[in-house]
Every structure is written in C-alpha cells, then in structure tokens.
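Protein chains in written order, with my numbering: chain A, 324 to 585; chain B, 35 to 413. Take a look at the structure below.
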C-alpha cells in the first residue's frame, strides 16, 4: 500500500503577528512548524507502515526552505519526501493548490491519501476535499481514528460535533485527519543520522505537466482584499445596579449590538 | 575553526530539547521529591533511540557523533539532572569501556542490548577506601580455574540496581599496585552479587546511587575486560570520556537555572516594575550567561577532541572543572534572583542548586581535575 500524506509548513500560530501597514503576516523571526493536523496524518501513516508494511510518501507544496521540515519527517521514519516548489505556484489559493497537488499525486500514484483537516494559518479545511474531487476519488473528512485496513477497504471513525460515524471506504480514498487523534512520535537518533543521506525530491512546474492557468495566482479565484486586526477598545461604562436590572441591561445591550437576536 | 553545529547535530538538539521539555520536565520535581528512578523517562529515551547515540550502527548504536550524545545530556539536564546522569553513566561509563576495550565476543554479547537500551549499564570503581585514590582498590578477583572469584564492595554506584550490566574493577595482583587492577563485566543476577544500601542524597535524588556487594561472585574468564592488570588504565580512560558527560550535565543544569530565572524576573514585579528592569538583575544574568557560554565551548571542544581522535584528557578535565563550578555559582545566583520563592520547592531552581553540587564531586572531584590540568601545564 502506498500512502501519500499532504503536509504544509506553517508559521507557529502561537507567535503570529500581523503587519498593520500591509495586512500581511510578519514571518521574520517566527518559527515554522509542521501543521499539527498534518503531523497527526503522518503519525497515522507511520503506524500503518508498522502494521501493514505500507510505504509513506510526503508531498508538500511550499518554498524551497520547506525541505528542512521534510528532512525532519525522514527523521521520524517516512520513506520519501517530495517538495513541489516553483515561483509559478506562488500566491495559490486552495483551488490552485489542490490542482497542483492533484497533478503531483497523479504522477506519484497512491492507494491512500491523508491530509490534515486544515492548516493553522488559513483554517480553510478545503485543500483535502478539493484534492479528492480533482482526483475523482472518495473522501472522509474529520477522521479521528483509523480502525482497520482490510484489502482495499479502510474503516475509519469520523468525528462530528455531536456524533461519531464509523465509515468504510474503498481505496483509494482521501482522509483528512485531526490533530487530537494521536501523539505524533518524536524524531529518533537513528533516523536523524540516516536522514542526512536522504534527498528531498523536488518537482517544479515543468515536472507536473499542468496548465499554467490553473496554478499560482493565475489559478486562484480567491483574492484577499485586505487583512486587518480588529481594534479592541478599552472604553467602558460602569453601572451599579441590582442583579435583576443588571441582567436586563446586559440583555438589552447585547441586542442593540446585535450579538443576540431574541 | 567553525563554531556551528552541523545539520545533524542541530536536528539532534531539536529532538532532545523537545523531548526534555515535553516528556522529562513535567516529572522532574516528583522524581526528586520521591527519590525514585525515572524508569518512564528511560523507556521513552529508548523509543527515541537515545541509549547508544555515539556508537556505530554495526553494534546497535545510532551511528552519530560524540557531541550529539553530549547535546542529549545537556538538554536533559536543563530540566532534570537525574535523567541526564542516567544517560551519561549508561553511555560513557557502562557502554563505552565494552566498546573501547571489549573483545569481539563481548561486543557482540553486550553492545546491541546496551545501545538499544534493552539493558542499562553502570560502572563500579569507587570503594569506601578508594575514592580520589582509586588505586587503593580492596575488592579482589582471584583466578580459580577458568573463573574469577570476586569479593569486596563498591559504593556510590550510579544506576546501581537499575542497571543490568556492570563494569567493575578488582585487584587481581595486589603486589603490582595499579598494574594489579583488572576490569570485569558483571551481570545482574550473578549469584553472590547483591545491591546494598541506597544512598539518600542532597541532589540528583532520582538517580539510583547504591552499594554493590560481591560475596564469592564466580564469573567466567570470558568476562575479563581487556587484559589482566590493565584495569586501572581502562578506568582512567573511561573516566576521561565520562567527565565530558558530567561537564555537559553541569552545563545543562546551569543553563536550565538561567532559563528559569529569566522567566521569573520578567514576571516578578517589585517597586512597580519587573525586576528584569533593574540593573542588578541584568548584570547578574549577563555574568551568568557569559560563564555558561564559556563552559559550553569548553565542553563542546572536549567532545570534538574525543570525536576526532585527539587527546582529550586535559580538555575533558578543563570542561568538567569549569562547567561544574559555573553550575554551582549560576544555580546559587538563580536562587538569589528568585529570592524567597527560589528557596521553596515549588520552583525548580533550589533543586538545580542541589543537583549542581555533585558535578564538582563525582567522576573526579574539581581537585582531581586541577591535578590533571596542572600536571599538563607544568610538564
């Protein structure tokens, strides 16, 4: 079984700041991490490797420096890493990203594709499902547990807000995984040593045979008009009232501000 | 001259730092308080393949370099000096002598399990009457046919009881002085070999420190490590490497204390502002960090000398002497910066101060290091 995990390098969101003048993220000095939902997917793939002898390939689209992150995945035990990088892919929204990833996946071949539910920098949760659509294969999102793989059938638990579903799907399938589903393993010393001799395969635009209009900024119908941090006002009014009148005042104020409707 | 860690060492450091912060730090206070061996930490280190870092892959090690192993001891000791010394004693003192002096058969028999962490190692040299004067060994090993019969006892042995394999030293010929000492590999469970009193210590309280008792312990001659009469040399060479490990432990403790102090002084307010804003705090921290950085380069330099096959006896002695004394000074100052809170067991700096003291004592006291260094200076 060939498992391909889609992984994104993201800025550590606990340290994120926005440049007020340009509305863009300040990336300088912000450490990059592996997107947590994706890392959960890598861990599930590695567990399947141990139990079924599957191979684990990582595919990531990003700038050349993402190869450092991919080396760390070698140090956790994955078999192959492919970085898709080209200036032509820059500025891609989820639509262009999934087109690019689908082209790479077609070239690579797969039995099972795992993507994180969503990336902590964009929070769209669109790339996994869109990729499945472009490949024309089924998808199960919000996977909380991979229960079993039998032949060409996989059984997973999907976590919804108010219930859980046990779903059986035929391979190939795209799963999107949740960061809470496991504790990703650490790198280990042996694999760190071995990772020094492993190369990240780099694919550029020319390697994918994809229409230029479908990638990067050209292939992105989403345009970010502006980004801003909402100002938090420190203005406060102080009231001294009995409890029942306080409750009324709070309810009335929330209604006026349209924070509640009834 | 290049003061940068290699890519591999950087990745190792990242692993060790993350592992120490997430797995080891949360348990450190309890391990100290309960004086219990950190078995769960060792199991997790085994999973990360940290128990045989500098040994070749053919013997079951990670095939990494000596500095990578030193980085592991440093990072672990930043948050838990007990866990740091478990790794250091296992790697430097227990496993290294088999790797350096063992026969092929001995290597095949012991190294794979020691490097994987399936078995833990220890080293027994110190005796009640043979501390700094290690040549005064009273434990004896008497040849009896194809066996040796060992009698005597060892004290203050790190990893005692927890370890499965012990490198021990005994007199095979008293008339020869230091040339009458031999090294042996002894396995836990050998009849007549028991673990005695567990020491109650000031610091590194989770580290198992106990007496080893040998009462007519019969071991086959195949367990002689190196040649008969070469034991003292084996012990001294092993300790040269071990000292780099303890120097790294001291370095870690010191940096850990600074890290805790920095967090505290930024948060603690007195006279209307964070105490980090006071010049006394700033200058104290400047001195502390400068000394720790100086210690770090001495430690890394000693590790690189060993890695590159250069003489490292003196660099190791310098690294241990300086790092241990810096650790004692810096942890004491960290307690002072934290004031009354620092003196309580609710915050970790008092533990670090207690842990630091042993680094000036074990694997050669600071006085022994001065003897080694001055001997080279005055030669």
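C-beta: ideal position from N, C-alpha, C; glycine also.
Residue-level contact check: residue 104(B) does not touch chain A, since none of the beta carbons of chain A fall below 7 Å from its beta carbon. Where residue 58(B) is concerned, there is no enclosing beta strand (DSSP E), because DSSP gives it neither an H nor an E. Minimum Cα-Cα distance from residue 544(A) among the listed residues 330(A), 419(A), 331(A) and 327(A) corresponds to 419(A).
A check of alpha carbon separations from residue 435(A) across 381(A), 536(A) and 409(A) identifies 381(A) as the nearest. Neighbours of residue 426(A) across chain B, judged by C-beta separation under 9 Å, do not exist; the nearest C-beta is about 31 Å away. Under the three-state reduction of DSSP, residue 419(A) is assigned to helix. Residues 161, 164, 203, 204, 205 and 215 of the same chain have their beta carbon placed closer than 7 Å to that of residue 171(B), with the five preceding and five following residues left out of the count. Listed by position along chain A, the residues whose Cβ is nearer than 9 Å to that of residue 82(B) are 508, 509, 510, 511 and 512. Residue 353(A) has a beta carbon lying at 7 Å or more from every beta carbon in chain B.
Within the same chain, and ignoring the five residues on either side of residue 263(B) in sequence, the residues whose Cβ sits closer than 8 Å to its Cβ are 206, 207, 210, 213, 214, 215 and 216. The Cβ of residue 45(B) sits closer than 7 Å to at least one Cβ of chain A. The Cβ atoms of residue 283(B) and residue 122(B) lie closer than 7 Å to each other. Residue-level contact check: residue 516(A) touches chain B, since one or more beta carbons of chain B fall below 7 Å from its beta carbon. With contact defined as three or more Cβ pairs closer than 8 Å, the region 570–578 of chain A and the region 480–496 of chain A are not in contact. Counting only unbroken stretches of 3 or more residues, the beta strand (DSSP E) elements lying wholly within the region 345–386 of chain A are 355–357 and 378–384, in sequence order. Distances from the alpha-carbon of residue 364(B) to those of 391(B), 167(B) and 226(B) put 391(B) closest. When rounded, the separation of the alpha-carbon atoms in residue 548(A) and residue 488(A) is 38 Å. With a 10 Å radius around the Cβ and a threshold of 16 neighbouring Cβ atoms, residue 331(B) comes out exposed. Here the C-alpha atom of residue 230(B) lies approximately 6 Å from the C-alpha atom of residue 246(B).
One alpha carbon belongs to residue 379(A), the other to residue 333(B), and they sit about 39 Å apart.
Rounded to whole angstroms, the separation of the alpha carbons of residue 49(B) and residue 42(B) is 11 Å.
Residue 227(B) has a beta carbon lying at 7 Å or more from every beta carbon in chain A.
At a cut-off of 7 Å, the C-beta of residue 278(B) has no neighbouring C-beta in chain A.
In chain order, 45 and 49 make up the part of chain B whose C-beta sits under 8 Å from the C-beta of residue 398(A). Burial check for residue 300(B): the Cβ neighbour count within 10 Å stays below 16, so the residue is exposed. The region 77–91 of chain B and the region 289–307 of chain B do not touch, with fewer than three beta-carbon pairs separated by less than 8 Å.
Apart from the 5 residues on each side of it in sequence, residue 390(A) sits with its Cβ closer than 7 Å to the Cβ of 406 and 523 in its chain, given in chain order.
Residue-level contact by beta carbon fails for residue 392(A) and chain B, as no gap is shorter than 7 Å. According to the DSSP assignment, residue 491(A) belongs to the beta strand (DSSP E) that extends over 487–493.
Contact note: residue 484(A) does not reach chain B at a C-beta cutoff of 7 Å; the least C-beta distance is about 29 Å. In this structure, residue 397(A) keeps its C-beta atom at 7 Å or more from the C-beta atom of residue 53(B). Sequence-ordered contacts of the region 51–67 of chain B with chain A read 52 and 53 [C-beta pairs closer than 8 Å].
Runs of beta strand (DSSP E) with 3 or more residues, each lying fully within the region 230–309 of chain B, are found at 243–254, listed in chain order. Per the DSSP secondary-structure output, residue 438(A) pairs in a beta bridge with 329(A) and 499(A).
When the five nearest sequence neighbours on each side are left out, the beta carbons in the same chain lying within less than 8 Å of the beta carbon of residue 355(B) are those of 400, 403, 404 and 407, in order along the chain.
Between residue 539(A) and residue 438(A), the gap from beta carbon to beta carbon reaches 7 Å or more.
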